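The sequence shown lines up with residues 0 to 431 when you count with numbering that gives the first Met the number 0. We treat Cβ as the ideally placed atom computed from N, Cα and C, and that holds for glycine. In this text, all values refer to a predicted model and were calculated from it rather than measured experimentally. A quick write-up on the structure given underneath.
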Amino acid sequence: MQPENPQPYSAAQTNWPATAIPGRPGAHLHASQAESDDPELSDHGADETEARAEPVTAPDAEPTLGSALLDELRSQIAQFVIAPSREALDAITLWVAATHLQAAWQHAPRLAVVGPAKRCGKSRLLDVLTETVHDPMLTINTTPAAIFRSITEDNPPTLLVDEADTIFGSPKVAEKNEEMRGLLNAGHQRNRYVTRVVGNDHTPHRFATFAMAAIAGIGDLPDTIMDRAIVIRMRRRAEGEKVKPFRSRRDVPALHDLRDRISAWAKPLLDEAGDLEPHMPVEDRAADTWEPLVIVADLASGQWPRLARAACATMVAAEVAAEEENPSGARILADIRRVFHAQRDVDSLSTEELLHHLRQDDEAPWAEWGRTGLTSRELGRMLREFDIRPGNVRMAERTQRKGYMRNKFLDAWRRYCPTVHPVGTDPSLREG
């Protein structure tokens, strides 16, 4: 039975960014910059200037063997799994291909396959990954010590962790598995070793940790792992969505054949992959995590450079928005930003006023936070993590109360929730 997924995926259009040229990082950008620097264009009117400022979509490069292999891999994955979006399916495809070039990467992106409940397709996706990634290593009931000893610097395996909620699901369980979390965190970046004593004489020995990993579980993984991951938020299939049942005897040979062809294509490109520094639509750790996937796309050419960057920009933005909604993260900052904005950006609010407005938001968790709602003590604890502390503020009736000055939040708002009344709508948040 063939899947009833929306097709074709290649029909997605995006106006940004221009297609990168394999082996020539930034060349497509230099070409457009050269056009804008042409002195003959400087005398044109404002309308033409605005027209030139519009993003220009470069045509996709000619398809190659690599792009054909990625197309085939994406189709194979889509037979067995309903991905949550076109971008997520593209990201999974590129991540699988990137495992075959691990020796080239500075960072080993995690693939966090999470869902809100059972039967969302997480384990089925891991089944397909097991047969297509480079040197899969299932970690079921495997100790961290055994994993340390299985990772080599020159040719690391690909770690596959299922039912991660049984490892990190509660504080007590997570505490018992702190060594596993440390391994998954450290292994995101090359040259992060763990030292253990070995042998009867207890000789210190360094063990490599660098390896790509796919981690599946119910609910979000620990923040330190999610921050190093390409996040695939799986969902249960809706009525009418059908996938092909996975049967090892029938399906594994074809997946192995495809895996071997991808490996044969990628192996000669190892040095080139290590030298590329592609233009990225994101920054910082997100760029580190997504760079291997974008490089694979640039090497494959065809439509994949465009699809990779579109997936990167869309999925990173989605996770930023999810982080802003997380009460343990930047959610409190975002909601306080909304309160100040609703109060016409007054200079200060007393703690009592601020708590009152926060609790009035029916869609926020603060009215039911703890036993009696968010308290001043808990609010102070949350904000101290962002180096924001209460002080004496002058009220309209010329009295003083404990409260918060608006200007104390400006830097944190800019850094942690820039999409809430963003730069441009508030002069005080503009860059200097």
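Through-space distance from residue j to residue i, alpha-carbon basis
| i | j | result |
| --- | --- | --- |
| Thr223 | Arg397 | 46 angstroms |
| Val196 | Met136 | 24 angstroms |
| Phe79 | Val160 | 19 angstroms |
| Asp346 | Arg405 | 5 angstroms |
| Arg358 | Ala316 | 27 angstroms |
| Asp295 | Arg308 | Before going on, a small fix: residue 295 reads as Val here, not Asp. So the two alpha carbons sit approximately 11 angstroms from each other. |
| Ser31 | Ser66 | Reliability of the predicted coordinates at Ser31 is poor, the pLDDT of 39 falling under 50, and no value is obtained from them. |
| Thr313 | His204 | 42 angstroms |
| Leu382 | Val112 | 31 angstroms |
| Arg249 | Val193 | 41 angstroms |
| Leu110 | Gly216 | 11 angstroms |
| Glu362 | Arg330 | 12 angstroms |
| Gly301 | Glu61 | 5 angstroms |
| Pro280 | Pro364 | 33 angstroms |
| Ile139 | Ile166 | 11 angstroms |
| Arg343 | Glu352 | 14 angstroms |
| Ala26 | Trp303 | With a pLDDT of 43 at Ala26, under the threshold of 50, the predicted position of this residue should be treated as unreliable, and no value is reported. |
| Glu86 | Pro143 | 33 angstroms |
| Val293 | Gly369 | 43 angstroms |
| Leu275 | Arg305 | 17 angstroms |
| Arg376 | His340 | 23 angstroms |
| Asn199 | Thr374 | 55 angstroms |
| Ala286 | Gly372 | 38 angstroms |
| Arg284 | Val319 | 12 angstroms |
| Glu367 | Asp334 | 15 angstroms |
| Leu409 | Tyr415 | 10 angstroms |
| Asp360 | Gly273 | 50 angstroms |
| Asp256 | Glu271 | 24 angstroms |
| Lys121 | His106 | 24 angstroms |
| Glu238 | Leu378 | 44 angstroms |
| His356 | Ala321 | 22 angstroms |
| Glu177 | Ala57 | 47 angstroms |
Check whether residue i and residue j have beta carbons under 8 angstroms apart
| i | j | result |
| --- | --- | --- |
| Phe385 | Leu298 | no |
| Leu348 | Gly390 | no |
| Gln75 | Leu354 | no |
| Cys433 | Arg235 | Coverage of the chain is limited to positions 0 through 431, which leaves residue 433 absent and any answer about it impossible. |
| Asp153 | Ala102 | yes |
| Arg227 | His187 | yes |
| Met394 | Arg400 | yes |
| Arg336 | Val419 | yes |
| Phe245 | Arg123 | yes |
| Ile81 | Glu240 | yes |
| Ala97 | Pro291 | yes |
| Ile229 | Leu68 | no |
| Arg258 | Glu71 | no |
| Leu269 | Leu100 | yes |
| Trp264 | Leu64 | yes |
| Leu494 | Ile146 | Past the edges of the chain, shown from 0 to 431, lies residue 494, and the structure says nothing about it. |
Helix, strand or coil at residue i [DSSP, three-state]
| i | result |
| --- | --- |
| Asn406 | helix |
| His355 | helix |
| Gln78 | helix |
| Gln1 | Per-residue confidence for Gln1 stands at a pLDDT of 44, beneath the threshold of 50, marking its modelled position as unreliable; no derived number is given. |
| Phe385 | coil |
| Cys416 | coil |
| Trp365 | helix |
| Arg109 | strand |
| Gly372 | coil |
| Ser66 | helix |
| Gln342 | coil |
| Arg466 | Coverage of the chain is limited to positions 0 through 431, which leaves residue 466 absent and any answer about it impossible. |
| Asn14 | Because the pLDDT of Asn14 is 39, which lies under 50, any placement of that residue in the model is unreliable, and the number read from its coordinates should be weighed accordingly. Three-state DSSP puts Asn14 in coil, outside helix and strand. |
Integer Cβ distance of residue i from residue j, believed to fall under 8 angstroms
| i | j | result |
| --- | --- | --- |
| Pro277 | Met211 | Incorrect: roughly 18 angstroms between the Cβ atoms, too far for contact. |
| Pro156 | Asp134 | 4 angstroms |
| Met233 | Pro83 | 6 angstroms |
| Ile91 | Ile214 | Actually they do not touch by this definition, with Cβ atoms about 13 angstroms apart. |
| Arg180 | Phe209 | Rounded, the Cβ-Cβ distance is 16 angstroms, inconsistent with contact. |
| Leu220 | Ala163 | 6 angstroms |
| Thr288 | Ala207 | Incorrect: roughly 19 angstroms between the Cβ atoms, too far for contact. |
Exercise. Any chance you could list the beta strand (DSSP E) runs of at least 3 consecutive residues sitting entirely within the segment 119-166, in chain order?
Key: 135-137 and 157-160
Quiz prompt | Every unbroken alpha helix (DSSP H) within the segment 262-319, with a cutoff of 4 residues, ordered by chain | solution = 269-274 and 283-299
Quiz item: Which ranges does the beta strand (DSSP E) cover as unbroken runs of at least 3 residues, wholly within the segment 159-246, from first to last along the chain?
Solution: 193-197, 202-206, 212-217 and 228-232
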